[in-house]
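Visitor:
Protein chains: 6
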Amino acid sequence: MKNTNVESVEPKTINLLSQVTTATIATQLYKKGLKKCYLTGVKPLHTSTPSFVAPAYTLRNIPMRDDLGDMSILANPEYPQRYAVEKTPIGHCLVNDTGGNLIAGTMGDILIERLRVRGVTAAITDGAVRDSGDIETIDFPVYCGSRAAPASVAELYAVEVQVPVGCGGVAIFPGDIIAGDKDGVIVIPRNLAEEIAEDAPEQERYERYVLSRVQAGDSITGLYPSTEESRKRYQDWEG
Amino acid sequence: MKNTNVESVEPKTINLLSQVTTATIATQLYKKGLKKCYLTGVKPLHTSTPSFVAPAYTLRNIPMRDDLGDMSILANPEYPQRYAVEKTPIGHCLVNDTGGNLIAGTMGDILIERLRVRGVTAAITDGAVRDSGDIETIDFPVYCGSRAAPASVAELYAVEVQVPVGCGGVAIFPGDIIAGDKDGVIVIPRNLAEEIAEDAPEQERYERYVLSRVQAGDSITGLYPSTEESRKRYQDWEG
Amino acid sequence: MKNTNVESVEPKTINLLSQVTTATIATQLYKKGLKKCYLTGVKPLHTSTPSFVAPAYTLRNIPMRDDLGDMSILANPEYPQRYAVEKTPIGHCLVNDTGGNLIAGTMGDILIERLRVRGVTAAITDGAVRDSGDIETIDFPVYCGSRAAPASVAELYAVEVQVPVGCGGVAIFPGDIIAGDKDGVIVIPRNLAEEIAEDAPEQERYERYVLSRVQAGDSITGLYPSTEESRKRYQDWEG
Amino acid sequence: MKNTNVESVEPKTINLLSQVTTATIATQLYKKGLKKCYLTGVKPLHTSTPSFVAPAYTLRNIPMRDDLGDMSILANPEYPQRYAVEKTPIGHCLVNDTGGNLIAGTMGDILIERLRVRGVTAAITDGAVRDSGDIETIDFPVYCGSRAAPASVAELYAVEVQVPVGCGGVAIFPGDIIAGDKDGVIVIPRNLAEEIAEDAPEQERYERYVLSRVQAGDSITGLYPSTEESRKRYQDWEG
Amino acid sequence: MKNTNVESVEPKTINLLSQVTTATIATQLYKKGLKKCYLTGVKPLHTSTPSFVAPAYTLRNIPMRDDLGDMSILANPEYPQRYAVEKTPIGHCLVNDTGGNLIAGTMGDILIERLRVRGVTAAITDGAVRDSGDIETIDFPVYCGSRAAPASVAELYAVEVQVPVGCGGVAIFPGDIIAGDKDGVIVIPRNLAEEIAEDAPEQERYERYVLSRVQAGDSITGLYPSTEESRKRYQDWEG
Amino acid sequence: MKNTNVESVEPKTINLLSQVTTATIATQLYKKGLKKCYLTGVKPLHTSTPSFVAPAYTLRNIPMRDDLGDMSILANPEYPQRYAVEKTPIGHCLVNDTGGNLIAGTMGDILIERLRVRGVTAAITDGAVRDSGDIETIDFPVYCGSRAAPASVAELYAVEVQVPVGCGGVAIFPGDIIAGDKDGVIVIPRNLAEEIAEDAPEQERYERYVLSRVQAGDSITGLYPSTEESRKRYQDWEG
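Protein chains in written order, with the numbering used here: chain A, 60 to 298; chain B, 60 to 298; chain C, 60 to 298; chain D, 60 to 298; chain E, 60 to 298; chain F, 60 to 298.
1) Of all Cβ atoms in chain F, is any one closer than 8 Å to the Cβ of residue 89 of chain E?
2) Closer than 8 Å by beta-carbon distance: list the chain E residues that pair up with residue 77 of chain F, in chain order.
3) Hey, how far is the Cα of residue 293 of chain A from the Cα of residue 268 of chain A?
4) Report the rounded CA-to-CA distance for residue 114 of chain C versus residue 79 of chain C, giving the unit in angstroms.
5) Between the region 244 to 278 of chain A and chain C, which residues of the former have a C-beta closer than 9 Å to a C-beta of the latter?
6) Kindly indicate the opening and closing residues of the beta strand (DSSP E) around residue 41 of chain E.
7) In chain A, which residues lie less than 8 Å from residue 95 of chain F when you measure between Cβ atoms?
8) In the region 225 to 242 of chain C, which residues sit with their C-beta less than 8 Å from some C-beta in chain B, listed in chain order?
9) In chain A, which residues lie less than 8 Å from residue 217 of chain C when you measure between Cβ atoms?
10) Can you find a C-beta in chain C that's less than 8 Å from the C-beta of residue 114 of chain E?
11) In its own chain, which residues sit with a C-beta less than 6 Å from the C-beta of residue 155 of chain A, not counting the 5 before and 5 after it?
12) Using a threshold of 8 Å, state whether the C-beta atoms of residue 227 of chain B and residue 98 of chain B are closer than that.
13) For chain D, find out if any of its Cβ atoms is closer than 8 Å to the Cβ of residue 213 of chain E; answer yes or no.
14) Within the continuous alpha helix (DSSP H) that includes residue 210 of chain B, where are the two ends?
15) In terms of residue numbering, what span does the beta strand (DSSP E) encompassing residue 153 of chain C cover?
16) Would you mind telling me which residues of chain B sit closer than 9 Å to residue 184 of chain C, beta carbon to beta carbon, in chain order?
17) Do we get a CB-CB distance below 8 Å when we pair residue 133 of chain C with the residues of chain A?
18) Would you kindly work out how many angstroms separate the C-alpha atoms of residue 123 of chain E and residue 125 of chain C, rounded to a whole number?
19) Where does residue 240 of chain B sit, in a helix, a strand or coil, going by DSSP?
20) Less than 8 Å between CB atoms is the rule here; does residue 60 of chain B satisfy it with respect to chain A?
21) Looking only at its own chain, which residues have a Cβ that is under 7 Å from the Cβ of residue 153 of chain C, when we skip the five neighbours before and after it?
22) Assuming residue 207 of chain E and residue 162 of chain E make a contact with CB atoms under 8 Å, what is their CB distance in whole Å?
23) Check the Cβ-Cβ distances between residue 283 of chain F and every residue of chain D, and say whether any is below 8 Å.
24) Taking the C-alpha atoms as reference points, what is the distance between residue 258 of chain A and residue 86 of chain A?
25) Would the region 87 to 96 of chain F and the region 212 to 222 of chain F be scored as touching if the rule is three or more Cβ pairs under 8 Å?
26) At a CB-CB cut-off below 7 Å, which residues of chain H make contact with residue 81 of chain D?
27) I'd like to check one pair, residue 107 of chain E with residue 240 of chain E: are the Cβ atoms closer than 8 Å?
28) My output table needs one value for residue 74 of chain D: the three-state DSSP class, helix, strand or coil.
29) Using a Cβ-Cβ cut-off of 7 Å (strictly less than) and excluding sequence neighbours within five positions of residue 157 of chain B, which residues of its own chain qualify?
30) Could you tell me which whole beta strand (DSSP E) segments of length 3 or greater appear in the region 168 to 200 of chain E?
31) So if I threshold CB-CB distances at 8 Å, which residues from the region 175 to 201 of chain D count as touching chain F?
32) Hey, quick one: how far does the beta strand (DSSP E) through residue 114 of chain A stretch, first residue to last?
33) In three-state DSSP terms, what is residue 229 of chain D?
34) Taking residue 66 of chain E as the reference, give the member of E:261, E:189, E:249, E:286 with the closest Cα.
35) What separation, rounded to the nearest whole angstrom, lies between the Cα atoms of residue 231 of chain E and residue 139 of chain E?
36) If you draw a straight line from the alpha carbon of residue 77 of chain D to that of residue 112 of chain D, how long is it in whole angstroms?
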């Protein structure tokens, strides 16, 4: 089984990106001409799902077909779904492309717990998860399209890991940086991650300044977006 | 009005099924060759909606047409929607087939409260409910497709009770067993319920064992799905 | 920029309507022959979003096109989106028609905070909001179609304020009365608001009476909908 | 099996309605306050599908479930799908409610040919048909949602005939009058059919007059809709 | 009623653009950075619908609401839908924004015939048309989302002409150039039209050359897209 | 680039399958327990698109992302889309998985003509095609989800050939047998193709017999499905 060892970004980059929201990342990507990096329909599982930033380890599924086997295929440790759960590197995010299938649960509480124990950072899917009540009790970020009781093999057949995939309508390559929070999930192409990580915290700090001014009663005009004058006042801000 | 007295399963069967998740039931049904028993788009109304298991009492609606009357039809105690609220047997689940209409609220807080007071176990619908803020305060499991303010008669005309219906894309017959939890709602054909009830708790116990091993650091390989060896170790488990 | 000063209803009307649910308003509108006043797909942002009633101030967007500019257009105080945030009158509700676009966040925490500080009552949109985690911490009713990280300009171009719009599939005119609660959002045409406000509280009081009787064990037959007899008993009710 | 003998309208009514378009019927229904009589998503099978008007004979399906049997159920002459093909009365239209399932073909060329030979007038469904290339060669009006190769039993289980159904989002009762042409399919409630049949041809004749005037260069202003003056000129028209 | 006299492009530009396909125009727009100019879901009415190129005259609808009137509103010559039919300038294309409503027919054969007689070039809508069988017999390009029997007033309320609209998910301004053929409809922003008109025919001629080479057995490699060498050979082509 | 030489079935198998409809193939697959082999939403391009049967050569796309390049990537002969057009083996069917994207045209007339000249048998896609008017004039079977003017690179990035793909919601492996006719497209898993090819013509012959009997006035009861008796009479049939 192919498992290209993809070098991803420095920890420092992950740390910087962890300080900003997906909305800020989206703005930074937009400024660089990237408009299609936000996954549609992929949301935090529940109201307390943690935010995260991590490099992608990808898994690709196709629709199940009745001749491709049944639950017994799960016993094969090389079956890509099981393989991915055991091989997603520490600190990475498992990206599970289901083609948007919301009828089966592509992962349940046991697989999620295994990912957590192994030191994986997060799991995202444009499909559904199962045992979702139990997953809610695990301290691990899961972002998904829905919840569904049926087992993955009822609808999905895993075929490859570490290939480029589409997830939530967005291209994701192994090693791309994935970020998730209450707005959902966004992808930062690997070779843009450092740049975004450098610029984003400053944007976010300015927006905190703006928020403080708005709370103090200022109009957004001449403040948001910034003007030369507002930038000047901002430089004296100690917030 | 037709109201076939459908004999359903023994209380013991309901009790056994109440100990397992819909995900476990889905797996058991899958093993018996049943892949289309999970209702798509039907979810617990809110984050604290109770789980439940109960036999189905069905209600069928068709789209409203302007010549079929207005709110005054609700005054007729034989109108199937009102009839169903008064006649769903104690311990049963009212299954309300709306054809997936999410624009009107097919039941509100008063009907739900009446179901609760009468000893009905739960209500599910592939449509929406209204007065949903008030329903949240009632200790009664409601599973639905959405919330909507308009009254049922704005969109739906009830035509029959206790006939086979489609709900959330699944066939449901009077007396089939319905189970709901955070993953959503699943249907167990009546004549399979005993068998499922016998096998499911054991599957769930094994999965609790698996979870304990995963929490202790074991790989899922050779453990989930089970192997002869893992089954042996499991027999000594006292969890 | 056009900004017709629309005279809306008396504060008393708003106060009366604030005492009833959107479900009750929907029933009152239905009785007057209005069946299409409920916005589909527009829901409270989170589980604690406050209810509200307020006159509409409308904003209309069309799909963004790559030649229409980039983020710099936001610096123009006459750009309708920014203009609307500064000009929605105190006590009004900003109605943001996006054509149902759920891919971009049409408003973020800063604009919402500015609306709150200015004394605006609420904001609704059939699109998505961004910075949604931060908006959750603001005590201000936001009703929307979803959450999304991308900036509005990635998908939307604001063109007009205070024109008739469609939002969630419903016609809304400047000055119409908007009400939101857990069931979602409903529109009361301005010239019907007084009438609805007079009749609705009585309906709601009767339904509270019904609920008390149902809790006491009464059947809904002959009670809901009301009969001459039930009305008589109700007149003695002191609930 | 229930097969209520529904008395429908006089042949004269069918004849009058056969002279007008579904658009004209829709206008007449609208004028009587009926706005939801047009089936969404149901279109003539091909470009030469004949128009028709006929009373409805209804068939209701629910989603197939793996325990409900396989193709062998089709051998039972009481199976409602087969029963309907043999029992739809001469001159009637078979209305096949599939809940909008487009994945299986609910009828193929053999069933359609049998309907034609038996003297049935037409068949409509909100589902798909199969053997569609062969059906195109049969001189019989088929209106459907799509075309699909799989057999009906792969997705649908027929449960009842001659009950009220929903088809294309519209309520249809046994004996209601169904009309189909290039715009699609519309339902006339049985007890309104005579009235519509009386008024519709006159509307259509006026519209032919309007078209002749428009072709002659007249503006639609003062002509369409009619005014007292245009009505006067129309009375002299001999078109 | 507002009816800004928008100056559009020279006839020569229209003529040049009439010689190329919408696919070629899409490629030219893409090369200038415009990716969202193609209307989704808007197709030629029938298999012989003529191609066209013309400047846009826009009409905007919102959803109908029961209090906004009935068919009698159509008698008002200032009602925007009727107004647009009489005022769309000769040689222009009526762009009818319905918000994608496919349940009512936004225009029928009489309005289409009036547009043709007046010298209007084409009509497009993201909604449906009615009397579609009759429209098929009129030699006039109609591009639409579907066909539907109900009258426009059942679903749509016209509010403005000559404002920026969204149609098929694309921004269209009065005076923008609209082109339609078998692939559907594309919009050329007015101020890019001359440039596109200059470059597109050359692209199309090269593609005819490519097609002739492919028919002669050449590989597309080194030919499509062009290389320096293939360009050289093309210069000698006399096709 | 990976291009596994997949051995497919014998020409005789293709020939036998070419004599039957996709509906017959669907029935045969159903009888072997395969219910999910029919592609949803993939239809012949136009009314005269030829039927076909051929082994699959697969191409996989993911959503385009703005950093992945522009039209210049098409000049690379190793770019999988261009590679697939030149390498799909003679007699095979190019299966183009787009994830169901209907906004761009994944292939135009030049690529289709090149496939035809090279001796490829057919092309199918769950996406759209462009230059569709010109493709209609090429004698080559194209089955697709829609038509669209934009170039493929506006929406799609090709990543692999000859891997398992999902197309129209169905799993397709390189070498599987694809069949298309007016009902759409169906997949026969390679290792079932011989069996299906042996059984299907007999089913089809029996159905021709049934049709002849139905045309002669026989009921379908006892004939379709067959009974022992009907089989006996069929044996004497010389149709």
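Just so it is clear, CB atoms sit at the ideal spot from N, CA and C, and this is done for glycine as well.
Guide: If we stick to the structure as given:
1) yes
2) Chain E residues near residue 77 of chain F: none, gap ~26 Å exceeds 8 Å.
3) 7 Å
4) 16 Å
5) 244, 245, 266, 269, 270, 273, 274, 275, 276, 277, 278
6) With chain E running from 60 to 298 in the structure shown, residue 41 of chain E is simply not present.
7) 122, 123, 124, 125
8) 240, 241, 242
9) Residues of chain A passing the Cβ test: none, with the nearest at roughly 14 Å.
10) no
11) 118, 165, 184
12) yes
13) Chain D, which has a Cβ nearer than 8 Å to the Cβ of residue 213 of chain E, makes this yes.
14) Here residue 210 of chain B belongs to no alpha helix (DSSP H), and DSSP marks it neither H nor E.
15) 152 to 156
16) Residues of chain B passing the Cβ test: none, with the nearest at roughly 18 Å.
17) It does: the Cβ of residue 133 of chain C has a partner Cβ on chain A nearer than 8 Å.
18) Approximately 31 Å between the Cα atoms of the pair.
19) strand
20) Residue confidence for residue 60 of chain B is low, a pLDDT of 39 falling below 50, so the modelled location carries little weight and cannot support an answer.
21) Same-chain partners within the cutoff: 116, 118, 143, 147, 174, 179, 182.
22) 6 Å
23) Taking Cβ atoms only, chain D reaches closer than 8 Å to residue 283 of chain F, which makes this a yes.
24) 11 Å
25) The region 87 to 96 of chain F, when compared against the region 212 to 222 of chain F, does not touch it at the 8 Å Cβ threshold.
26) No chain H is part of this structure, whose protein chains are labelled A, B, C, D, E and F.
27) no
28) helix
29) Within the same chain, and ignoring the five residues on either side of residue 157 of chain B in sequence, the residues whose Cβ sits closer than 7 Å to its Cβ are 120, 165, 184, 185, 186, 215.
30) 181 to 184
31) 176, 189, 190, 191, 192, 193, 195
32) 111 to 122
33) strand
34) E:249
35) Whole-angstrom Cα-Cα distance: 17 Å.
36) 6 Å
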